[in-house]
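There are 2 protein chains.
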Amino acid sequence: MSSLHFKILAQDPEGHARRGRMQLPHGMVETPVFMPVGTQATVKSLTPADLTDDIQASIILGNTYHLMLRPSADVVEKMGGLHKFMAWNRPILTDSGGFQVWSLGALRKIEADGVRFRSHIDGSSWFLGPKESMAIQRQLGSDIVMAFDECTPYPATYEQARESMQMSMRWAAQCREHLPVNEQQALFGIVQGGMYADLRRESLQSIADMDFEGIALGGLSVGEPKEEMMATLDALAAYLPKDKPHYVMGVGTPDDLIEGIDRGIDMFDCVMPSRNARNGTLFTDSGKINIKNLKHQTDASPIMEGCTCYTCQNFSRAYLRHLYIAKEILSARLNTLHNLHYYCDLMQRARDALEAQRWPEFRDQFLQQYRQN
Amino acid sequence: MSSLHFKILAQDPEGHARRGRMQLPHGMVETPVFMPVGTQATVKSLTPADLTDDIQASIILGNTYHLMLRPSADVVEKMGGLHKFMAWNRPILTDSGGFQVWSLGALRKIEADGVRFRSHIDGSSWFLGPKESMAIQRQLGSDIVMAFDECTPYPATYEQARESMQMSMRWAAQCREHLPVNEQQALFGIVQGGMYADLRRESLQSIADMDFEGIALGGLSVGEPKEEMMATLDALAAYLPKDKPHYVMGVGTPDDLIEGIDRGIDMFDCVMPSRNARNGTLFTDSGKINIKNLKHQTDASPIMEGCTCYTCQNFSRAYLRHLYIAKEILSARLNTLHNLHYYCDLMQRARDALEAQRWPEFRDQFLQQYRQN
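Protein sequence lines, in the order shown, are assigned to chains A and B.
My numbering numbers the first residue of the first sequence as 1 and each following residue consecutively.
My numbering numbers the first residue of the second sequence as 374 and each following residue consecutively.
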């Protein structure tokens, strides 16, 4: 029996947006959901208590590539799995490592059964394919395991995109073979096909035909114009199996998330809120602000009026600017807390709007205000 | 009327150690106390909530030199003072900037009325003396203001130490003149005199004769052997005015604190617990541990058994080692939380022992266990 149970609680009658609930071994996830990225067994600068109490994150993401290199899957397994190791007792999704090794560029070589690569840390030699990725994610003990795939580059010719997609489909089948349906871990298949609608649909059909607990869309937000990403989501929205959760990987800005929900997406992850936080870029309903600007030097207002995060409840833009300029560690922490709170709260507001059957108004109002600057 | 009210609650009948209580404008401070250092309007990596709820710090220290350069005393004043700026509503002690400008070495020149120096940040030219330091600390709005003095170098000839001390005494009088007794801020005078007992006693007499709310001992922990520091404290212990709080500046290790309390000291500050934390050195009752050691790789135990800090309650040495090796920001935060909790809790245990009239046993047992390794 599967470890994942997904239920639709509400649906926008005019479109694809939906409000769902996903039961996983380590807890319930209300969708649409944003998953903070915890690459190296930590969401940078934050504790599990910050993530549950302030940010109200219900699921986080871990990176197989980073964890297999350091501290190693064996160490994590020996310490009782990733949940226990990092003291996070809610659900975790781990990626397959595919995207990261692909990103290594000159340091990796793609072969029939996977990717041979050198560690970015010490240059040591490794091999990662469907079989290895499943074994490692099993050691990590995540609630949701991602299939090992190849991220099709952008731009790619039709032929490149087709071959790459077909390899990913073969690998997807191997992943399911190495990690059959079980009560501990769910497995998501990943749709590829570049920016070609027919390849995407063909890939979606393959993934839908295999017995995956969820459907992910990969190879987006890899440098293509935003319109191409949205066109790809548009081309797939009507074909996504309605009874399974839909996850678009590595996306995106707050308005991308709203646009994604509108196209039937339930799950998102992205390093943007946390990485931007460390660079002093903070999110608000009226767009981004750059905290290092001189105009914030004596600004007593919070990042965003009405925000209930610890940062906004206690600190002025003036103080946050000072911390950033002075290169204080607390800067990264307070900024990350706000940005992730903002992202997760935005998903809460989306869920509320969907439940109240006022999704189109919420969507339009949000996008207009967010993009006005 | 003075803003500081100090009361002795218990006294070791065999020696100088005492348990006191200090009322300040922003709250009560139970002594002996350790004051975490918040150099740039932040105790590095921690929030005010961490300091109150977990570490139970009752007073922290801010650095005049750093704050005057960045964000500037004017900005802090405009934002409502240091308490409001950093959202810390308990007492703050600010140093005078004297030690920091003295530490600039080639970048500073000592004159009759103060020190001319160049900023370590941008090389800009500044002047800081008794008058300027009092004005800036008034702008910062700290509960306890420190007199502007010269830190006598170590080693120093008798003549150097005498001249330096005499200048500090002239400056101390000027500080009191520029910041007379008032209901908002207390002023502490600083005893200098190098490692010469007669100069130290002469300096203490001068400070005691001026109307300071507290007595600080400066120029210690500046490179001298530990025995010389303790000999200096020994030489002064019997002469410290009993009705005023005694503060030894920039000291020290956990065993230094216990030895200091034994010599009548009530207040301590030091960057050691927070700086060492960031370097992976963690304090326990059995001495220091270095978290990056390979032996901690799969060690499931906390930093210290029985410790009630958030770090020890939730994370293994194995996880803390991983964070340190992976250069994660959370490493600095969890380590700092533990070390400062350890220091402040040690002071709580000292206060308990003093109240229960079992100081000598507590002191001996602690020193033996701490130094056994």
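The beta carbon of each residue, even a glycine, is placed where N, CA and C say it ideally should be.
Test: residue i CB closer than 8 Å to a CB of chain B
i        : result
ASN383/A : There is simply no residue 383/A to check, as chain A begins at 1 and stops at 373 in what is shown.
PRO302/A : no
ASN279/A : no
SER316/A : yes
TYR65/A  : no
SER45/A  : yes
THR52/A  : no
PHE362/A : no
LYS78/A  : yes
ARG333/A : yes
ALA57/A  : no
HIS322/A : yes
TYR343/A : no
PHE212/A : no
TYR319/A : yes
Proximity test, Cβ basis, 8 Å: residue i and chain A
i        : result
GLU701/B : yes
VAL448/B : yes
LYS665/B : no
HIS669/B : no
THR415/B : yes
TYR569/B : no
PHE458/B : yes
Beta carbon of residue i nearer than 8 Å to that of residue j
i        : j        : result
GLN547/B : SER515/B : no
LEU69/A  : ILE136/A : no
PRO225/A : TYR370/A : no
ALA154/A : GLY223/A : Before going further, note that residue 154/A is Tyr rather than Ala in the sequence given. A contact, by the Cβ cut-off of 8 Å.
ASP95/A  : HIS341/A : no
MET267/A : THR232/A : no
THR425/B : LEU513/B : no
SER587/B : TYR620/B : In the sequence as presented, Ser is not what sits at residue 587/B; that position holds Gly. Yes. Within cutoff.
GLY466/B : LEU434/B : Inspection of the sequence shows that residue 466/B is occupied by Leu rather than by Gly. Yes, Cβ-Cβ distance for LEU466/B and LEU434/B is below 8 Å.
GLY193/A : ALA161/A : yes
LEU560/B : ALA589/B : no
GLU701/B : GLN40/A  : yes
SER497/B : ARG491/B : yes
ARG651/B : PRO405/B : no
PHE379/B : PRO618/B : yes
Partners in chain E for residue i, counting only beta-carbon separations shorter than 8 Å
i        : result
ILE698/B : The chain labelled as chain E is not found among the protein chains of the depicted structure, namely A and B.
Closest by C-alpha distance to residue i, when choosing among the options
i        : options                                : result
GLN745/B : GLU484/B, ARG724/B, GLY660/B           : GLY660/B
THR654/B : ARG736/B, MET677/B, ILE638/B, PHE641/B : MET677/B
ALA17/A  : LEU240/A, TYR342/A, ALA57/A, ILE261/A  : ILE261/A
ASP234/A : ASP243/A, VAL222/A, GLU213/A, ASP256/A : ASP256/A
LEU703/B : GLY20/A, GLN56/A, MET86/A, LEU204/A    : MET86/A
ASP616/B : GLY623/B, ASP584/B, HIS669/B, ALA604/B : ASP584/B
GLU523/B : PRO503/B, LEU513/B, GLY637/B           : PRO503/B
MET395/B : GLN738/B, GLY388/B, LEU382/B           : LEU382/B
MET165/A : ILE190/A, PHE117/A, GLU177/A           : ILE190/A
PRO48/A  : LEU24/A, SER3/A, LEU82/A               : LEU82/A
TYR343/A : ALA172/A, TRP88/A, TYR158/A, ASN276/A  : ASN276/A
LEU294/A : THR152/A, TYR324/A, GLU177/A           : TYR324/A
ASP737/B : GLY471/B, GLU403/B, GLU632/B, THR404/B : GLU632/B
ALA610/B : PHE688/B, VAL518/B, ALA570/B           : ALA570/B
MET622/B : GLY453/B, SER376/B, GLY471/B           : GLY471/B
GLN368/A : GLU177/A, ASP209/A, ASN89/A, ASP285/A  : ASP285/A
ALA172/A : ALA156/A, THR157/A, GLN205/A           : GLN205/A
ILE638/B : GLY388/B, MET645/B, THR530/B           : GLY388/B
HIS669/B : ARG573/B, PHE688/B, CYS682/B           : PHE688/B
PRO71/A  : THR525/B, GLU532/B, THR671/B           : THR671/B
ARG573/B : LEU552/B, ALA485/B, MET603/B, PRO398/B : MET603/B
Presumed contact (8 Å Cβ cut-off) between residue i and residue j, rounded CB distance
i        : j        : result
ALA691/B : ALA673/B : 6 Å
SER647/B : LYS417/B : 6 Å
PRO91/A  : SER58/A  : 7 Å
ASP385/B : LEU727/B : 6 Å
ARG694/B : LYS665/B : 6 Å
GLU556/B : MET374/B : 6 Å
Taking one C-beta from the segment 332-347 of chain A and one from the segment 25-37 of chain A each time, how about it: are there three or more such pairs within less than 8 Å? yes
Within the chosen definition, does the segment 73-84 of chain A reach the segment 98-115 of chain A through at least 3 CB pairs nearer than 8 Å? no
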